[in-house]
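Working notes for the structure below.
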Amino acid sequence: MEYQKERTKQSWRWQDRCCKRKHLPKAFWAEAVYTAVYLLNRCPTKAVQNMTPIEAWSGKKPSAKHLRVFGSICYVHIPTEKRHKLEEKTEKGIFLGYSTQSKGYRIYNLKTKKLIISRDVEFDEDAMWNWDEEKVERQSVMIPKETPPQQQQEEGSDQAEMERRSQQAPGSPRRPPPSEEIEEETLPRRTKLLSDIYETCNFIMLEPENFETAVKHKVWVQAMEEEIKMIEKNNTWELTDRPKDKEVIGVKWIYKTKLNADGSIQKHKARLVAKGYSQLPGIDYTETFAPVARLDTIRALIAIAANKKWKIYQMDVKSAFLNSYIDEEIYVEQPQGFIAKGSEEKVLRLKKALYGLKQAPRAWYSRIDKYFMDREFRRSLSEPTLYIKSQGNDTLIVSLYVDDLIYTGNNEKMIQDFKEDMMKHSR
Numbered sequence: 001m002e003y004q005k006e007r008t009k010q011s012w013r014w015q016d017r018c019c020k021r022k023h024l025p026k027a028f029w030a031e032a033v034y035t036a037v038y039l040l041n042r043c044p045t046k047a048v049q050n051m052t053p054i055e056a057w058s059g060k061k062p063s064a065k066h067l068r069v070f071g072s073i074c075y076v077h078i079p080t081e082k083r084h085k086l087e088e089k090t091e092k093g094i095f096l097g098y099s100t101q102s103k104g105y106r107i108y109n110l111k112t113k114k115l116i117i118s119r120d121v122e123f124d125e126d127a128m129w130n131w132d133e134e135k136v137e138r139q140s141v142m143i144p145k146e147t148p149p150q151q152q153q154e155e156g157s158d159q160a161e162m163e164r165r166s167q168q169a170p171g172s173p174r175r176p177p178p179s180e181e182i183e184e185e186t187l188p189r190r191t192k193l194l195s196d197i198y199e200t201c202n203f204i205m206l207e208p209e210n211f212e213t214a215v216k217h218k219v220w221v222q223a224m225e226e227e228i229k230m231i232e233k234n235n236t237w238e239l240t241d242r243p244k245d246k247e248v249i250g251v252k253w254i255y256k257t258k259l260n261a262d263g264s265i266q267k268h269k270a271r272l273v274a275k276g277y278s279q280l281p282g283i284d285y286t287e288t289f290a291p292v293a294r295l296d297t298i299r300a301l302i303a304i305a306a307n308k309k310w311k312i313y314q315m316d317v318k319s320a321f322l323n324s325y326i327d328e329e330i331y332v333e334q335p336q337g338f339i340a341k342g343s344e345e346k347v348l349r350l351k352k353a354l355y356g357l358k359q360a361p362r363a364w365y366s367r368i369d370k371y372f373m374d375r376e377f378r379r380s381l382s383e384p385t386l387y388i389k390s391q392g393n394d395t396l397i398v399s400l401y402v403d404d405l406i407y408t409g410n411n412e413k414m415i416q417d418f419k420e421d422m423m424k425h426s427r
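Going by the UniProt record's numbering, the sequence shown opens with residue 1, and the numbers climb by one from there.
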């Protein structure tokens with residue numbers, strides 16, 4: 001129990017220091033706690049015979065080569081195919097920790113105001129972001145005064161080992177001698193439970209990796225209920241007996257926390273997806289190709305709107321794939337948490353596409369293309385995702401990027417009619 005208290009205090013201290021030394025807003029405190037836990041799991045501890053918890057769990061020693069200073073300025077490389085040759089090759093961001101989903105760093109993109117994961121990152125660990133003036137500034141290197149012997153004994157060897165490893169991490173620039181010292185704030189004596197710390201820091205914003213973890217939190221249970229309600233509203237499937245001559249495809253839950261521009265939580269989204277990798281070509285699906293708007297097409301649409309001073313609108317078609325009919329006979333398992341009582345052995349036959357199916361993008365494109373053709377739009381010969389509708393001198397231009405629409409035109413009524421009709425059609 002004493003060990004848990006000390007590790008909890010370390011997690012809290014590190015989170016507090018990380019945010020204050022880089023002047024990060026409270027919206028990022030959850031990321032600081034997450035990173036503190038990540039680092040603690042890679043620090044030696046007497047509780048497991050001077051091994052790190054990661055090593056005790058996996059049998060492999062963790063590497064420290066990838067460790068970086070939390071909250072420092074970094075530059076994320078933009079792939080060549082996603083930028084013009086004259087545009088910047090990198091975008092500024094703030095380093096907020098490490099991804100456990102894939103090999104990469106968690107970066108807050110200062111341009112898009114979104115949290116991203118990237119492996120191709122360059123760090124400037126002596127720099128920080130000035131939130132008031134919105135610019136990068138250099139940070140003087142300061143270290144705290146020496147800790148009294150009594151406090152050093154309380155903190156144990158974990159903290160010293162962590163600091164030693166951080167200083168030895170390859171790739172970190174050498175620090176100049178400190179020019180001044182700062183006082184450490186007096187830490188509260190009361191020990192908080194780790195669950196309390198997570199709650200105060202909105203730790204729930206981190207996406208669960210599986211159903212067993214998600215079902216323990218009310219927000220994710222509500223998100224799953226909303227997803228099932230939407231699927232049933234669209235009449236996507238029907239409960240039926242398990243077929244003897246057909247393969248039944250499994251399903252799984254995917255969880256995503258959507259953030260606002262300021263880093264606060266917008267909503268928790270749960271998506272039920274089919275395990276499409278188990279589908280067999282020629283049996284479970286035939287055609288899968290669905291065109292996607294090229295970046296040059298979107299730029300051209302924006303350039304035309306800017307030149308003619310037209311307003312530009314964007315629309316996200318909610319649950320687009322769930323509105324798309326499929327021709328194949330597809331069966332999926334009942335989702336975890338929503339298995340019908342008394343019908344546990346039954347399966348679901350799909351009437352419409354489900355996210356994760358190989359043919360889902362194709363099915364959606366076929367449906368939206370028919371929608372435009374039925375309403376007298378003309379499809380571009382060179383760009384199958386660009387649609388134009390003309391009525392006398394009035395023009396409406398729509399570009400389709402999977403389930404996102406960008407549209408513009410010179411007649412507000414025509415635009416509004418299209419928006420209302422599109423919303424009715426996608427319900």
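The C-beta atom is built at its ideal place from N, Cα and C for all residues, glycine as well.
Keep in mind that this is a model prediction, so the values were computed, not measured.
Problem set entry | Start-end ranges of the beta strand (DSSP E) lying completely within the segment 224-264, minimum 3 residues | Here the runs fully enclosed are 237-240 and 251-259.
Exercise. Do the segment 331-338 and the segment 364-375 touch if we need at least three Cβ pairs shorter than 8 Å?
Worked result: Too few Cβ pairs lie closer than 8 Å, so no.
Exercise. R119 by DSSP, collapsed to three states: which one?
Worked result: R119: coil per DSSP, three-state reduction.
For this session: Please report the residue range of the beta strand (DSSP E) in which V402 lies.
Result: Counting along the chain, V402 falls outside any beta strand (DSSP E), and DSSP gives it neither H nor E.
Problem set entry | CB-CB length for D296 against D404, believed under 8 Å | About 17 Å separates the two Cβ atoms, so there is no contact after all.
Exercise. DSSP beta-bridge partners for F76?
Worked result: Here residue 76 is Val; the residue named in the question, Phe, does not match the sequence. Under DSSP, V76 shares a beta bridge with E91 and V121.
Problem set entry | First through last residue of the beta strand (DSSP E) which encompasses W129 | Run containing W129: A127 to N130, per the beta strand (DSSP E) assignment.
Exercise. For V292, which option in N410, S264 and S382 has the closest C-alpha, if you only look at C-alpha atoms?
Worked result: Checked all of N410, S264 and S382; the closest Cα to V292 is S382.
Exercise. Apart from the five residues on each side of it in sequence, which residues of its chain come closer than 8 Å, Cβ to Cβ, to K413?
Worked result: The answer is none, since no qualifying residue turns up.
Exercise. Within the chosen definition, does the segment 122-132 reach the segment 67-84 through at least 3 CB pairs nearer than 8 Å?
Worked result: Three or more beta-carbon pairs drawn from the segment 122-132 and the segment 67-84 are found closer than 8 Å, and the two stretches are therefore classed as touching.
Exercise. For I312, which residues from the same chain have a beta carbon less than 7 Å from its beta carbon, with the 5 sequence-adjacent residues on both sides left out?
Worked result: In the same chain as I312, and ignoring 5 residues on each side of it, the C-beta atoms closer than 7 Å to its own belong to I302, A305, I406 and T408, in chain order.
For this session: Output the distance between the C-alpha atoms of A223 and K269, rounded to the nearest integer angstrom.
Result: Straight-line Cα distance between these residues: approximately 6 Å.
For this session: Note the first and the last residue of the continuous beta strand (DSSP E) segment covering Q391.
Result: Q391 -> beta strand (DSSP E) spans L386 to Q391.
Exercise. Cβ of P44 within 8 Å of Cβ of T52?
Worked result: Going by C-beta atoms, P44 is nearer than 8 Å to T52.
Exercise. From N410 to T240, what distance separates their C-alpha atoms?
Worked result: Those two C-alpha atoms are separated by around 50 Å.
Exercise. Would the beta-carbon of I94 fall within 8 Å of that of Y108?
Worked result: The Cβ-Cβ distance between I94 and Y108 falls below 8 Å.
Exercise. Under three-state DSSP, which class holds A30?
Worked result: Shown here, A30 sits in a helix according to DSSP, grouped into three states.
Problem set entry | Buried versus exposed call for R242 [16 or more other C-beta atoms within 10 Å across all chains shown] | With fewer than 16 other Cβ atoms within 10 Å, it is exposed.
Problem set entry | For H217: DSSP bridge partner residues | Its beta-bridge partners do not exist; DSSP assigns none.
Problem set entry | Length of the line joining the Cα atoms of F418 and I397 | Rounded to the nearest whole angstrom, the C-alpha separation of F418 and I397 is 11 Å.
Exercise. Secondary structure at T52, three-state DSSP: helix, strand or coil?
Worked result: Under the three-state reduction of DSSP, T52 is assigned to coil, being neither helix nor strand.
Problem set entry | Coarse secondary structure for Q416, derived from DSSP in three states | Helix, per DSSP.
Problem set entry | Contacting residues, own chain, Cβ-Cβ under 7 Å from V251 (five flanking each side not counted) | Closer than 7 Å at Cβ, skipping near neighbours: L272, V273, A274, K275, V332, E333 and P335.
Exercise. How would you call I339, buried or exposed, if buried means at least 16 neighbouring beta carbons within 10 angstroms?
Worked result: With fewer than 16 Cβ atoms within 10 Å of its Cβ, I339 is classed as exposed.
For this session: Can you give me the start and stop residues for the beta strand (DSSP E) that R367 sits inside?
Result: Taken as a continuous stretch (DSSP letters only), R367 belongs to no beta strand (DSSP E), being part of the alpha helix (DSSP H) at A360 to D374.
Exercise. From the DSSP output, which residues share a beta bridge with K85?
Worked result: Looking at the DSSP output, K85 sits in no beta bridge, so it has no partner there.
For this session: Within 10 angstroms of the Cβ of L357, are there 16 or more other Cβ atoms? Answer buried if so, exposed if not.
Result: Per the 10 Å Cβ criterion, buried.
Problem set entry | Three-way DSSP call (helix, strand, coil) for I302 in this model | When secondary structure is reduced to three states using DSSP, I302 falls in the helix class.
Exercise. Taking buried to mean at least 16 other C-beta atoms within 10 Å of its own C-beta, is N235 buried or exposed?
Worked result: With fewer than 16 other CB atoms across the displayed protein chains lying within 10 angstroms of its CB, N235 is exposed.
Problem set entry | Within 8 Å, strictly: CB atoms of R106 and G97 | Against a cut-off of 8 Å, the Cβ pair of G97 and R106 comes out as a contact.
Exercise. How is the beta strand (DSSP E) around L348 delimited, first residue to last?
Worked result: For L348, the enclosing beta strand (DSSP E) stretches over residues V347 to L350.
Exercise. Between which two residues does the beta strand (DSSP E) harbouring Q314 extend?
Worked result: Unbroken beta strand (DSSP E) run through Q314: I312 to D316.
For this session: Kindly identify the DSSP beta-bridge partner or partners of K275.
Result: Beta-bridge analysis with DSSP links K275 to no other residue.
Exercise. With 16 other CB atoms within 10 Å as the buried threshold, where does W57 fall?
Worked result: That one is exposed.
Problem set entry | Backbone secondary structure at S179 - three-state DSSP | Confidence at S179 is low in this model, with a pLDDT of 38, below 50, so the placement of that residue should be treated as unreliable; the coordinate-derived value is given next. Coil.
Exercise. Nearest CA to the CA of E226: which residue from I249, P208 and W253?
Worked result: The option with the nearest alpha carbon to E226 is W253.
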